[in-house]
Structure formats: C-alpha cells, structure tokens
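Undergrad: Residue numbers (the numbering used here): 1 to 86.
Beta carbons: idealized from backbone N, C-alpha and C, even for Gly.
1) With DSSP as the reference, label residue 4 as helix, strand or coil.
2) Rounded to whole angstroms, what is the Cα-Cα separation between residue 78 and residue 61?
3) Under 8 Å Cβ to Cβ from residue 8, same chain only, skipping five residues before and after it: list those, please.
4) Using a threshold of 8 Å, state whether the C-beta atoms of residue 31 and residue 23 are closer than that.
5) Using 8 Å as the threshold, is the C-beta distance between residue 33 and residue 5 below it?
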C-alpha cells in the first residue's frame, strides 16, 4: 500500500510540470499520508495518549471514591439518620 501511494505521489509530481494543480494534489496526498498514516499503523499522537491517561485517572478516582465499601457506609449512615428522625 505504501509503495502504491509513493508511486502515485511521484506520478502526480511528474504531471505537475504540465499543470501545477497536480503538485497541489501530490502535496495533499503527502500531507494525508503523514498526518493520518500514523494512526493506521496503531500509533497514537501524544495528545491522544494524554486524553486517554486523563480519562483513566478520572475513572480511577471515581472508582476509589464511590466503591462498594463507601456505598455500604453511606447506607448505614442514611439508615441511622432515618432512625433518628422517626
């Protein structure tokens, strides 16, 4: 796939000597291959990894704060409050 894309870019660059619009098309293909090609191979941008890490940290904090043990304690406290009220 990479070789085919490289050949296509070279052909478009060659056509650019006939009409400069082909150079623009070749540049767009080069940009697309470098920008979006990394994600196709399984790599990720650093910003995407930071977003993922932040999301995981928020989820871990949520899980630690609202785990089963805390819910049981809150239920006991709620039950005691209801018993005191009436």
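TA: Checking against the coordinates, here is how it stands:
1) helix
2) 23 Å
3) Cβ within range, chain order: 29.
4) The criterion of a C-beta distance shorter than 8 Å is not satisfied by residue 31 and residue 23.
5) yes
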